[in-house]
Every structure is written in structure tokens, then in C-alpha cells.
């Protein structure tokens, strides 16, 4: 019995104190050998995950820098005086794409920040933000209905597509002050980082701060601040919003192919009510407009839209055999 116990103890000792001789064995390797192999694999896996994460962060930073640089370039480039017709025609598109890319840059940078990412992990943050946004959309829907009614003097539900897009416009108008505050904070923070970087250079000390990224953030913030400060007094004032509502209704809700015999065919109409026996008639034929007109040009909004009863044309009789 004692020999069996000694043999078992010896076997256990061999399992726990296996040496490099296990590498030359084809079988009966010790437990220590396998534990060492598992440990080495875990160390390799950890370094691989860390490398992939760092590589992903670098790729994201490079993509952000590219997006921000292109956005600033498109936003500040003035191609209206270019000799190339295509560039002159798409000047506004370039500018809007530039602002959109700069907004993406700011949004992603804000989401990557430790403050936002830490708060977003909690359910209460998501619930409160959802409630605020829901209330904002409901309020924007009411404001959009007021604008539509002020232009056409009918229930806004008669022009559903115009009401939908106007609601989106109102949401953007209400969010714009918050966006400006965020961009101002980003601008000031990166100005501080640039000041620290310059101070380190003057003092001839090594600085861990980057120069390119804060500089790009300052330019991107400047682009958004310029347009965000200009739009409320230009593109989003009451007069311009009414013009945009009129143009949206012209393009999306007014029907240019109606069957009302008592209304000229060149007068677009909007059918009112479930019975669709009454129509809202534009006082004169609407002129076509393009993308630039909607964002920049000023249009004359009719003061009165006539409401008339629609007398449908009699149905045409088809010949026998059809």
C-alpha cells in the first residue's frame, strides 16, 4: 500500500514538475507542459487582440482625418467662378457635402470621447435621450403643421409628404443650437490642445499631443460654426421656411394630372378630404425649380389658393370588343 501511495505521489509530482524533456516525448507529457502551452496561447491571443484593436483605432483615425480634410476642402472651395461648367453647376452640392462630412467627423469624434462612451453604457441615458427626442419630434410636427397651414390655409394633413419633410426641417432647426454649442466646445478644447503643443515646442520639450488632428478639428469646427451661425438668419428664418414649404408641396403633393373638368389642366391641385370632391388649386401654373433654387434662391409664394369643387370628367366609353 505504501509503494502504491509513493508511486501515485511520484506520478503527481511528475505531472506538476515536468521539464523540457516533455518536448522530446511523443506521449505521456506532463500536466505542466499542457498548462504552459495554454498560457503561451493565451498570451499570443491577448497580443493579437490588442494589435487588432490598435490597428482598428488607427484605421478609424485615418478615415476620420480623410473625411474631415475632404469636408473642409469642399466647404471652403468656391467653384462658382470656375471655367468648368460642371463645377459651377454643382457648387452648392459640393458645399452641402462638405458640411455633411464635417458633421460626420464631429459626430464620430464626439461618440469616441470617453465622456460620451461612458454615459452611453447606462440604460437611463438611452431612455432619457429617447424621451427627449420623441418630445422634440412631436413639437416639430406641430410647428411644421403651423407653417404648412400658414402657406396654404388648409389642414396640414392634406399635404402629408410636405408635412413629413417640413417636420424633419423643424427637427434640424431645433437641434441646431445644441449642435452649435457642441461645436464651440470642440473648437475651444482643440485650441487649448494646440496652445499646449506650441508651448511644448517653444520650451523644447517632447509632446505626446498630435498637431494635425487638433488643427483639423479646429478647421472642421470653423466650417460648422460658420454655416450653423448663418443658416438660422438666412435659410431657416420664417420667410425662407415658408418658401421651402411651398416648393416641397409643389414638387411632392400637388397633382398636375387631375380629372377635374371645371379646372384648367395647367393648374396643379391638391385633393382635400376622404371623398376627394374638393381641391386646392394653385392660383397660377407653378414653375419648375432645381436643387439650387430650393436652398438658395428666393421664390414668390402665392397669397391665396382657391378651394373649388371638382367636377370629374365623364368616363369614356370603350368600343365593343375591348
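In my numbering, the protein residues as written are 2 to 323. Heads up, the beta-carbon is just placed ideally off N, CA and C, and yes, glycines get one too. No experiment lies behind these values; they were computed from the predicted model shown.
Here's a check: name, in chain order, each residue in its chain whose Cβ is nearer than 7 Å to the Cβ of residue 220, leaving out the five neighbours to either side. Reading the chain shown from its first residue, position 219 is the one you call residue 220. Contacts found: 73.
Same chain, Cβ closer than 8 Å to residue 66, five either side skipped, listed in chain order: Indexing the chain shown from 1 puts residue 66 at position 65. Taking residue 66 as the centre and dropping the five residues before and after it, the same chain places the C-beta of 213, 214 and 217 closer than 8 Å to its C-beta, in chain order.
Exposure label - residue 256; buried when at least 16 CB within 10 Å: Stepping through the chain shown from its first residue, residue 256 is reached at position 255. Answer is exposed; the Cβ neighbour count stays below 16.
Who are the near neighbours of residue 124 in its chain, counting only those whose CB is closer than 7 Å to its CB and skipping five residues on each side? By one-based count along the chain shown, residue 124 stands at place 123. Hits under 7 Å: none found.
DSSP three-state assignment for residue 59, whether helix, strand or coil: The sequence position of residue 59 within the chain shown is 58, counting from 1. Helix at residue 59.
Classify residue 262 as buried or exposed, calling it buried when 16 or more other Cβ atoms lie within 10 Å of its own Cβ. For the purposes of this step, residue 262 is identified with residue 261 of the chain shown, where counting begins at 1. By the beta-carbon neighbour count (other beta carbons within 10 angstroms, threshold 16), residue 262 is exposed.
Taking buried to mean at least 16 other C-beta atoms within 10 Å of its own C-beta, is residue 136 buried or exposed? By one-based count along the chain shown, residue 136 stands at place 135. Under this definition residue 136 is an exposed residue.
Just to confirm, is the Cβ distance from residue 153 to residue 160 under 8 Å? Stepping through the chain shown from its first residue, residue 153 is reached at position 152. Stepping through the chain shown from its first residue, residue 160 is reached at position 159. Their beta carbons are under 8 Å apart, which means residue 153 touches residue 160 by this criterion.
How would you call residue 284, buried or exposed, if buried means at least 16 neighbouring beta carbons within 10 angstroms? For the purposes of this step, residue 284 is taken as residue 283 along the chain shown, with counting starting at 1. With fewer than 16 other Cβ atoms within 10 Å, it is exposed.
So what does DSSP say about residue 313, is it helix, strand or coil? As a first step, residue 313 is located in the chain shown; it is residue number 312 there, counting from the start. In the structure shown, residue 313 sits in a strand (DSSP, three-state: E or B).
Which residue marks the beginning of the beta strand (DSSP E) containing residue 279, and which one marks its end? Taking the first residue of the chain shown as 1, we reach residue 279 at position 278. Here the beta strand (DSSP E) through residue 279 covers 279-282.
Residue 308 (DSSP reduced to helix, strand or coil): Along the chain shown, one-based indexing puts residue 308 at 307. Three-state DSSP puts residue 308 in a strand.
Under the three-state reduction of DSSP, which class applies to residue 41: helix, strand or coil? For the purposes of this step, residue 41 is taken as the residue at position 40 of the chain shown. DSSP places residue 41 in helix when its eight states are reduced to three.
Residue 224: which of 97, 40 and 41 sits nearest, CA to CA? Your numbering for residue 224 matches position 223 in the chain shown. Cα-wise, what sits closest to residue 224 is 97.
Between residue 195 and residue 211, what straight-line distance do the alpha-carbon atoms span, to the nearest angstrom? For the purposes of this step, residue 195 is identified with residue 194 of the chain shown, where counting begins at 1. For the purposes of this step, residue 211 is identified with residue 210 of the chain shown, where counting begins at 1. Residue 195 and residue 211: Cα-Cα distance of roughly 9 Å.
Per DSSP, cross-strand counterpart(s) of residue 271: Position 270 of the chain shown, counted from the first residue, corresponds to residue 271. Looking at the DSSP assignment, residue 271 forms a beta bridge with 281.
In chain order, which continuous runs of the beta strand (DSSP E) of length 3 or greater are located wholly inside the segment 176-225? Along the length of the segment 176-225, whole beta strand (DSSP E) runs at least 3 residues long do not occur.
Rounded to the nearest angstrom, what separates residue 42 and residue 50 at their Cα positions? Counted from its first residue, the chain shown places residue 42 at position 41. Counted from its first residue, the chain shown places residue 50 at position 49. Roughly 12 Å separates the two Cα atoms.
By Cβ distance, which residues of its chain are closer than 7 Å to residue 76, with the 5 residues on each side in sequence left out? Residue mapping note: residue 76 aligns to position 75 of the chain shown, counting from 1. Correct list, in chain order: 96, 99, 100, 103 and 224.
Would you report the Cα separation of residue 81 and residue 71, rounded to the nearest angstrom? The residue given as residue 81 occupies position 80 in the chain shown. The residue given as residue 71 occupies position 70 in the chain shown. Its pLDDT being 49, under 50, residue 81 is placed unreliably by the model, and nothing is read from it.
Identity of the residues DSSP links to residue 256 by a beta bridge: Taking the first residue of the chain shown as 1, we reach residue 256 at position 255. Under DSSP, residue 256 shares a beta bridge with 270.
So does the segment 248-255 actually touch the segment 161-181, counting three or more Cβ pairs closer than 8 Å? Output reads yes: the segment 161-181 touches the segment 248-255.
Which of helix, strand or coil DSSP assigns to residue 323: Numbered from its first residue, the chain shown carries residue 323 at position 322. Summary for residue 323: the model assigns pLDDT 49, below 50, so the residue's position carries little reliability; its value from the coordinates is reported in the next sentence. In this structure, residue 323 counts as coil in the three-state DSSP scheme.
Tell me which residues share the same chain as residue 230 and place their Cβ nearer than 8 Å to its Cβ, disregarding the 5 neighbours each side in the sequence. Here residue 230 is taken as the residue at index 229 of the chain shown, counted from 1. Excluding its 5 nearest sequence neighbours in each direction, residue 230 has C-beta neighbours in its own chain below 8 Å: 181, listed in chain order.
Do you know offhand how far residue 200's Cα is from residue 114's? By one-based count along the chain shown, residue 200 stands at place 199. By one-based count along the chain shown, residue 114 stands at place 113. A direct Cα-to-Cα measurement between residue 200 and residue 114 gives close to 24 Å.
Apart from the five residues just before and just after residue 244, which ones in its own chain have a Cβ nearer than 7 Å to its Cβ? Indexing the chain shown from 1 puts residue 244 at position 243. Once the five neighbours on either side are set aside, the close Cβ partners of residue 244 are 299, 300 and 302.
Cα separation between residue 185 and residue 145? Your numbering for residue 185 matches position 184 in the chain shown. Your numbering for residue 145 matches position 144 in the chain shown. If you draw a straight line from the Cα of residue 185 to the Cα of residue 145, it is about 28 Å long.
Enclosing alpha helix (DSSP H) for residue 105 [first to last residue]: As a working note, residue 105 is residue 104 in the chain shown. That run of the alpha helix (DSSP H) goes 92-113.
Between which two residues does the alpha helix (DSSP H) harbouring residue 324 extend? This structure gives no information on residue 324, because the portion of the chain shown stretches from 2 to 323.
Express the C-alpha separation of residue 314 and residue 260 in angstroms, rounding to a whole number. By one-based count along the chain shown, residue 260 stands at place 259. By one-based count along the chain shown, residue 314 stands at place 313. Rounded to the nearest whole angstrom, the C-alpha separation of residue 260 and residue 314 is 6 Å.
Tell whether a beta-carbon distance below 8 Å holds between residue 308 and residue 281. By one-based count along the chain shown, residue 308 stands at place 307. By one-based count along the chain shown, residue 281 stands at place 280. Yes; because the gap between Cβ atoms is below 8 Å, this pair is in contact.
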